[in-house]
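Okay, structure first, notes after.
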Ligand SMILES: Cc1cc2nc3c(=O)[nH]c(=O)nc-3n(C[C@H](O)[C@H](O)[C@H](O)COP(=O)(O)OP(=O)(O)OC[C@H]3O[C@@H](n4cnc5c(N)ncnc54)[C@H](O)[C@@H]3O)c2cc1C
């Protein structure tokens, strides 16, 4: 196995870094620190436009779908670098929705949705979870009924989604709905693309412990063209599970972890307010060395998943291992950071004297999400046992 990047991949990384050095301005950083991604028409929007102009939203897609045809390893390297710099890059619309449209969408789905996604103009919120359907996603109840025929008719949608992240700044929903209530649970589900500005869609904010905004979204007799159905009716479970595997791979990119540990190593060498230099303590040095090595392992796991994608395989067991490892590592880094930083580490963003503008305090509150988001780690351990080690499923 070859662990090092080849000359072309290193050159690509340099190109990405040069772009970031030019376009990650103090104004962009200030807007992200103050408003995250929420300011319409601001620096973040301008930054996204520049990514679109480079063609980097579709950088890994085949040329026939408006992509650059560079492949998943290039995409992975770009996303790691964007995360290291703490700026938004290709999101789940690009990394998990679009690949499912390419694999399973109708010709019309591809023509209609892929070009605006590649330009960065179409952004999807992923509508899976419902109040009664989280881990047990197959019990989802949001209902879509076809009125008319599959060409000229309309889907009429009723129900609600919860924890629907990004709906407030998305143009569409990648919406999972029940289309055949008589079929076995996994077999009566479809995916429909729903424009969020359609009449009958209501988005209400839900604020998580970390301060992160997510949403409840209600669908009240929402009518969308029948052709917005992705692929075939009642085959949605396959598209959802494929998209979730891709989501796990994309979400567990270790770029932000590398940055966090690099920052922590630097802070540990400097005196705190109380005069203590954390790195003088051998236990702190051991803990940080361990985190540093674990981030390196996570980085290699990311390369493994990207290489599998490059071979046309959607990694499942591998990204489950990676997702468990990186989500627990993120939490360990946050805990270690608060130890290293001492009492000031508890100061939140906008508090005077907060180290790194409160980034580690925020990480401490945000880290738990990835232990259950995109599939609870307990369930992914079952996935590893069953798919990876051919063990019997629980209860059978
Ligand atoms: C901030 C935030 C953003 C989110 N964004 C989105 C989004 O954009 N789109 C979306 O669709 N969803 C989103 N989610 C939802 C997220 O994916 C769910 O919270 C997650 O799938 C768990 O579902 P649940 O909350 O209903 O918990 P439950 O399903 O009730 O599970 C709670 C816990 O019980 C345990 N558990 C449950 N079932 C099992 C089992 N079979 N075996 C072992 N242990 C089990 C696990 O520890 C699990 O964490 C988001 C959630 C949050 C908090």
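Numbering (the numbering used here), first residue to last: 291 to 686.
Cβ coordinates follow ideal geometry from the N, Cα and C atoms, glycine included.
Cβ contact annotation for residue 477 (same chain, cutoff 8 angstroms, sequence separation greater than five): 470, 524 and 527, in chain order. By a beta-carbon distance limit of 8 angstroms, residue 618 does not contact residue 635. Their separation comes to about 20 angstroms.
For residue 483, the pairing in a beta bridge is given by DSSP as 464. Remark: the C-beta of residue 426 is in contact range of ligand 1, defined as less than 7 angstroms to any heavy atom.
Proximity to residue 614 across 479, 299 and 542 peaks at 542, based on C-alpha coordinates. Within a 10 Å sphere around the beta-carbon of residue 640 sit fewer than 16 other beta-carbons, which makes this residue exposed. Distance from residue 467 to residue 480 at the Cβ level is roughly 6 angstroms; contact confirmed, criterion being Cβ atoms closer than 8 angstroms.
Runs of the alpha helix (DSSP H) lying entirely within the region 510 to 596, each at least 4 residues long, are 526 to 541 and 545 to 558 in chain order. Between residue 314 and the set 402, 325, 336 and 296, the nearest pair of CA atoms involves 336. Closer than 7 angstroms to some heavy atom of ligand 1: that does not describe the Cβ of residue 640. Counting only runs of 4 or more residues that sit fully inside the region 305 to 384, the alpha helix (DSSP H) segments are 316 to 325, 333 to 344 and 362 to 375, in chain order.
Each of 485, 323 and 522 was checked against the Cα of residue 508, and the nearest Cα belongs to 485. The Cβ neighbour count for residue 347, taken over all protein chains shown within 10 Å, is at least 16; the residue is labelled buried.
Contact between residue 330 and residue 596 does not hold, since the beta-carbon distance rounds to 32 angstroms and is not under 8 angstroms.
For residue 450, the enclosing beta strand (DSSP E) covers residues 444 to 451. Around the beta-carbon of residue 379, 16 or more other beta-carbon atoms lie within 10 Å, marking it buried. Taking all protein chains shown into account, residue 301 has fewer than 16 neighbouring C-beta atoms within 10 Å of its C-beta and is therefore exposed. Excluding sequence positions up to five before and after residue 516, its CB lies within less than 8 angstroms of the CB of 436, 438, 439, 440, 441, 442, 443, 444 and 445, all in the same chain and listed in chain order.
Secondary structure note for residue 653: its alpha helix (DSSP H) is the uninterrupted segment 649 to 656.
In this structure residue 475 does not touch residue 413 by the C-beta definition: roughly 30 angstroms separates them, more than the 8 angstroms allowed. Judged by beta-carbon spacing, residue 387 lies within the 8 angstroms limit of residue 533, meaning their Cβ atoms are closer than that value.
The residue among 624, 606, 642 and 326 with its C-alpha nearest the C-alpha of residue 665 is 606. The alpha-carbon of residue 404 is positioned some 18 angstroms away from that of residue 537. When the five nearest sequence neighbours on each side are left out, the beta carbons in the same chain lying within less than 8 angstroms of the beta carbon of residue 295 are those of 303 and 367, in order along the chain. Residue 432 and residue 510 have their alpha carbons spaced roughly 10 angstroms apart. Annotation for residue 624: the continuous alpha helix (DSSP H) segment containing it runs 607 to 631. In the displayed model, residue 403 falls within a helix according to three-state DSSP. For residue 672, there is no enclosing beta strand (DSSP E); the enclosing alpha helix (DSSP H) has its first and last residue at 667 to 673.
Within the same chain, Cβ atoms closer than 6 angstroms to the Cβ of residue 599 are found at 362, the five residues on either side in sequence being excluded.
Within the DSSP secondary-structure output, residue 493 pairs in a beta bridge with 507. For residue 393, the enclosing alpha helix (DSSP H) begins and ends at 388 to 394. Here the C-alpha atom of residue 566 lies approximately 45 angstroms from the C-alpha atom of residue 339. By the Cβ-count criterion, residue 429 is exposed, with fewer than 16 other Cβ atoms from all chains shown falling within 10 Å of its own Cβ. Comparing alpha-carbon positions, the option among 658, 609 and 602 lying closest to residue 625 turns out to be 658. Here residue 343 is exposed: its Cβ has fewer than 16 other Cβ atoms, across all protein chains shown, within 10 Å. In chain order, 626 place their CB closer than 6 angstroms to the CB of residue 577, counting only its own chain and leaving out the 5 sequence neighbours on each side.
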